[in-house]
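This report refers to the structure that appears directly beneath it.
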């Protein structure tokens, strides 16, 4: 891949990652609940989902998904229901006792948080079709494709890790300001509403013409 092409892709990745979406909401929600270091496991799960999406596109399965209305709908509605579930859980989350010692505060299981992030990303079929449309624009068809997909995948994941670190860290700092149960309950309900809003947006997504 030519350096100029990679630089264009590098800039595009920043624009895509910085755009608020379900992944950003999930990262901020985890940072708010568990703090930065524990909440960042969600961001790692998001990257596993992103990596699998890239593999799907590179393997050509993305083209099948783009052509199959049934497969698209199944993945989309799974994503909608999962985001609604996350919104409900966040809305119902109990205020934390910030006066407690760290070992008494809620601790998210790393594997649970990784799975949460993975499901948020992988259950968005539009993201796969988006990458199916975008990634080939940066490929050199006369050069080996695997190294190019690997380079683009590493670039996207590294940038997204940095962006999600920002979202998680920002939310974890907000945690220090939430001293009363009322403030925490309000913040939990705001994030719950954001998850449900993301679900509503995903529900409006259409596959587009085959």
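Residue numbers (the numbering used here): -14 to 195. Yeah, the Cβ is synthetic: ideal placement off N, Cα and C, and Gly gets one too.
Collapsing the DSSP output to three states places residue 121 in a helix. DSSP places residue 106 within a helical segment (H, G or I) once states are collapsed to three. CA-to-CA, the gap between residue 45 and residue 53 works out to about 13 Å.
A direct Cα-Cα distance of roughly 16 Å separates residue 43 from residue 127. The beta carbon of residue 174 lies closer than 7 Å to those of 76 in the same chain, with the five residues before and after it left out. The three-state reading of DSSP puts residue 140 in helix, counting H, G and I together.
Assignment of residue 9 by DSSP, reduced to helix, strand and coil, places it in the helix class. For residue 30, the CB contacts under 7 Å within the same chain, skipping 5 residues up- and downstream, are 98, 99, 100, 101, 102, 103 in chain order. Here DSSP, grouped into helix, strand and coil, assigns residue -14 to coil. Of the residues -11, 15, -8, the one whose Cα lies closest to the Cα of residue 149 is 15.
In this structure, residue 130 lies away from residue -14, with their beta-carbon atoms at least 8 Å apart. Secondary structure at residue 95: helix, using DSSP grouped into helix, strand and coil. In the displayed model, residue 165 falls within coil according to three-state DSSP, outside both helix and strand. For residue 126, the secondary structure class from DSSP, reduced to helix, strand or coil, is coil.
The distance from the Cβ of residue 11 to that of residue 27 is about 5 Å, consistent with a contact at the 8 Å cut-off.
Under the Cβ criterion (8 Å, minimum of three pairs), the region 63 to 75 counts as touching the region 176 to 185.
The straight-line gap separating the alpha-carbon atoms of residue 115 and residue 1 is approximately 11 Å. Taking the Cα positions, residue 139 is about 42 Å away from residue 165.
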